[in-house]
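Taking it in order: structure first as structure tokens, then the write-up.
Right, here's the structure in full:
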């Protein structure tokens, strides 16, 4: 078990180091969050729509689209110099590789969603201070479920001739539960409703994330086998 | 010889049934419309379309399977 | 037998890349497989190293059939390809350290230092791989492949694009591997380098071994002629 | 069973199913009584619901076969998964075209986020992903594995999607004119519905077997072509 954790930690550390040295995905996803906030601001008619009512939905859409932008490139990092072959022929178990990728992608996507929440709140002048810890928890569970599914299917789409264009078709239908319960809970928390009101949502989000991570950990080995 | 007979059955029958049902459905609608004349005719149009689409989609699938089967069998018997 | 393959077949849809190859190698033996591009050499090596699943047939290491989806035997195999398996933005030492962790090696720092020393890259330990020359990268990936001291070493076109100094290092390190305990398989189309390290030789064409023999009583010139005739007949 | 036997069985079941379909049409036009609130449009119910049932059964079969395929790697399981997915796709399409036709009368609008309709729409896209993945790999064996993963994850996700569309609807009431079905469905309507479910199931399995046999023959053909080429 300690070897397993050591292998997992090695991949996570390696990926984070690469991410912070190249900054490719960090910059792309961060810019996406800010620019999405700009475009959303000008796409809404402030006379008929109150930003407060749509903020949660916008944050979740940014998480989904911006997250897919980043997660879709998970395995490109490994493609140069055929490094993925090296990883696959090492004694590291395939599920450890998957879980490590999930951890790294979670850091990126959760960062993106928290950034989106902050930027949207600033640009659209909505106070998200009420229930902030609850909101952050909901975003974390949502981001985990999202990352678990999209990392698995990023591996699938990387192996096809269509590449990332295939990713939305595969992942979007599966994300509905996360968007429904996540955006619903976030919206109510921002509106200042008590956390107890969304406890049911949080439970479903948690169950969804656990099921997605488990399914991904079991199925990943069938995706990457040559 | 036997496989030739079977080949003729599937898609041809499916298509026949589709044509049959497509003829049957409007006549039924006309028959029932006389009894319920006071209601709008629009629901009949929708029911007719729905039932026809069922037949057409099932027949299209059956036909496409039949065509592909015939194609593969021809290439196998070469 | 250290490494054994029985009736190995690999298909990609309707393409048969490897079509029924048998081989048996004892410890200390080094097999070089020659063949033109598209003969299925890399696929053969991929299956021997457990990177690819055979469509049919088995690979055994030390008499035990290996399962590519299990990882317990992987520390016994080292793979060097002309693609380096290196991360461009990690330093030489970090690349090796990563593999040391993946292989669960004890005392990783010492292993990394030793590995760098072996291929003469100690002074480049803190240089990112993308700033190394091609030859240095190839030396680094040689250190990576041998870091865990594998008993079976698989080399896929190791001499492709090497400068003379890197080729010399490679020849030296591979010479060290001839200690009688290791089994080496090389696939290449470089006749001279391939023959230099071999104890046994095979020619692969369209997924099959069309010729096999011992290397020590081989006349290099005659073999070269034979090889070219064989692949011309095939083409 | 031999491929020819499967084919014969499939053809026979399909013919029974088609005859049953005519019978179902007769029942729903001449025999069953007209529903009081929705009138004639409610008759779409007798094809809409059985088609939905069949498409969900199809993803179940496809996912089950996919899972065992990944485990045992028996080509026949992959063929069954593919055949079921194709059937599921066709029947989900039926649900998606008949639903709006009914909805326009019942709710006054072609599309509503009615739970079953929404669920079927997403299921349809899961099947679409299944075929796209299958068709876009250079190595067919890889495509089979990828598709199996799509079917499995899709089937695992469906209960979650179901819960979420129900929950979403409870938050946002729809303009329901009349409840389509309830626990107190009159006897003749229930009978017609059950006949519909039976007929669609038979039809599905008939065509499923034919499609399965087709895939078996294709494999045979490929094997022969490979033999002659080598």
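Protein chains in written order, with my numbering: chain A, 1 to 226; chain B, 1 to 78; chain C, 1 to 235; chain D, 1 to 230.
Cβ atoms here follow ideal geometry from the backbone N, Cα and C, with glycine treated the same way.
So, is the C-beta of residue 228 (chain C) closer than 8 Å to a C-beta in chain A? With 8 Å as the cut-off, residue 228 (chain C) does not count as an interface residue toward chain A.
Taking all protein chains shown into account, decide if residue 161 (chain C) is buried (16 or more other Cβ within 10 angstroms of its Cβ) or exposed. Counting the other Cβ atoms within 10 Å of the Cβ of residue 161 (chain C) gives fewer than 16, which makes it exposed.
Any beta-carbon of chain C closer than 8 Å to the one on residue 35 (chain D)? Judged by the 8 Å Cβ criterion, residue 35 (chain D) is not in contact with chain C.
Whole-angstrom distance between residue 40 (chain C) and residue 235 (chain C), CA atom to CA atom: Cα-Cα distance, rounded: 15 Å.
Does any C-beta atom of chain C lie closer than 8 Å to the C-beta of residue 25 (chain A)? No - not a single Cβ of chain C is within 8 Å of the one on residue 25 (chain A).
Between the Cα of residue 126 (chain C) and the Cα atoms of C:26, C:89, C:61, C:151, which residue gives the shortest distance? It is C:89.
Does the beta-carbon of residue 23 (chain A) have 16 or more other beta-carbons within 10 angstroms, so that it is buried, or is it exposed? Residue 23 (chain A) comes out exposed.
Could you tell me how far apart the beta carbons of residue 151 (chain D) and residue 124 (chain D) are, in whole angstroms, since I believe they sit closer than 8 Å? About 14 Å separates the Cβ atoms of residue 151 (chain D) and residue 124 (chain D), ruling out a contact at the 8 Å cut-off.
Enclosing beta strand (DSSP E) for residue 58 (chain C) [first to last residue]: It spans 56-61 - the beta strand (DSSP E) in which residue 58 (chain C) sits, taken as one unbroken run.
For the putative contact between residue 95 (chain D) and residue 52 (chain D), defined by C-beta atoms under 8 Å, what is the C-beta separation to the nearest angstrom? Yes, they are in contact, since the Cβ atoms of residue 95 (chain D) and residue 52 (chain D) sit about 5 Å apart, within 8 Å.
Against residue 122 (chain D), what residues of chain B qualify as contacts under a CB-to-CB distance less than 9 Å, listed in chain order? Going along chain B, no residue has its Cβ under 9 Å from residue 122 (chain D), so there is no contact; the nearest lies around 19 Å.
Since residue 137 (chain D) meets chain A, which of its residues come closer than 8 Å, beta carbon to beta carbon? Near residue 137 (chain D) (Cβ distances below 8 Å), the residues of chain A are 159, 160, 161.
Looking only at DSSP bridge pairs, what is residue 202 (chain C) linked to? Note: residue 202 (chain C) sits in a beta bridge opposite C:33, C:212.
If you pair each beta-carbon of the stretch 181-190 of chain C with each one of the stretch 55-73 of chain B, do three or more pairs fall below 8 Å? Taking 8 Å as the limit for Cβ pairs, the verdict is that the stretch 55-73 of chain B does not touch the stretch 181-190 of chain C.
Please tell me whether residue 110 (chain C) has its Cβ less than 8 Å away from any Cβ of chain G. The structure shown contains no chain G; its protein chains are A, B, C and D.
Since residue 5 (chain C) sits in a beta bridge, which residues does DSSP pair it with? Looking at the DSSP output, residue 5 (chain C) sits in a beta bridge with C:23, C:59.
Please report the straight-line C-alpha distance between residue 15 (chain A) and residue 70 (chain A), rounded to a whole angstrom. The alpha-carbon atoms of residue 15 (chain A) and residue 70 (chain A) are separated by roughly 13 Å.
Could you tell me the distance, in whole angstroms, from the CA atom of residue 214 (chain D) to the CA atom of residue 78 (chain D)? Approximately 13 Å, taken between the alpha carbons.
Under 7 Å by beta carbon: chain C residues contacting residue 83 (chain A): The CB of residue 83 (chain A) comes closer than 7 Å to the CB of 85, 86, 87 in chain C, given here in chain order.
Give me, in chain order, the residues of the same chain whose beta-carbon lies closer than 6 Å to that of residue 67 (chain D); leave out the 5 immediate sequence neighbours on both sides. Taken in chain order, the residues that qualify are 152.
Within this structure, are the beta carbons of residue 186 (chain D) and residue 2 (chain D) separated by less than 8 Å? No, the Cβ-Cβ distance between residue 186 (chain D) and residue 2 (chain D) is not below 8 Å.
For residue 35 (chain D), which beta-bridge partners are listed by DSSP? As a beta-bridge residue in DSSP terms, residue 35 (chain D) pairs with D:39.
Quick one: give me the first and last residue of the alpha helix (DSSP H) that residue 214 (chain D) is part of. For residue 214 (chain D), the enclosing alpha helix (DSSP H) has its first and last residue at 187-229.
Which residues DSSP lists as bridging residue 292 (chain C), in chain order: Absent from the model: residue 292 (chain C). The displayed extent of chain C is 1 to 235, so no value can be given.
I'd like to confirm the pairing. Which residues does DSSP put opposite residue 28 (chain D) in its beta bridges? For residue 28 (chain D), DSSP records no beta bridge to any residue.
Within 8 Å, strictly: CB atoms of residue 56 (chain C) and residue 7 (chain C): Judged by their CB atoms, residue 56 (chain C) and residue 7 (chain C) are nearer to each other than the 8 Å cut-off.
Within the same chain, show all residues whose beta-carbon is closer than 8 Å to that of residue 139 (chain C), passing over the 5 residues directly before and after it, in chain order. Result list for residue 139 (chain C): 119, 120, 121, 166, 169, 170, in chain order.
DSSP on residue 147 (chain C), reduced to helix/strand/coil? Reduced to three states, the DSSP call for residue 147 (chain C) is coil.
Would DSSP call residue 91 (chain C) helix, strand or coil? It is a strand residue.
Start and end of the alpha helix (DSSP H) containing residue 78 (chain C)? Premise fails: residue 78 (chain C) lies in the beta strand (DSSP E), 77-81, not in any alpha helix (DSSP H).
is_contact[residue 206 (chain A), chain C] using C-beta, thresh 8 Å: No Cβ of chain C is located within less than 8 Å of the beta carbon of residue 206 (chain A).
Give a yes or no on contact between the stretch 202-215 of chain A and the stretch 180-190 of chain A, applying the rule of three or more CB pairs nearer than 8 Å. The stretch 202-215 of chain A and the stretch 180-190 of chain A touch, with no fewer than 3 CB-CB distances between them shorter than 8 Å.
From the DSSP output, which residues share a beta bridge with residue 155 (chain C)? Residue 155 (chain C) has C:80, C:186 as its beta-bridge partners, per DSSP.
Tell me the rounded alpha-carbon separation between residue 99 (chain A) and residue 147 (chain C). Taking the Cα positions, residue 99 (chain A) is about 25 Å away from residue 147 (chain C).
With DSSP as the reference, please indicate the residues paired to residue 130 (chain D) in a beta bridge. Answer by DSSP bridge pairing: none, since residue 130 (chain D) is not bridged.
Sheet register partners of residue 128 (chain C) (DSSP bridge): Note: residue 128 (chain C) sits in a beta bridge opposite C:91.
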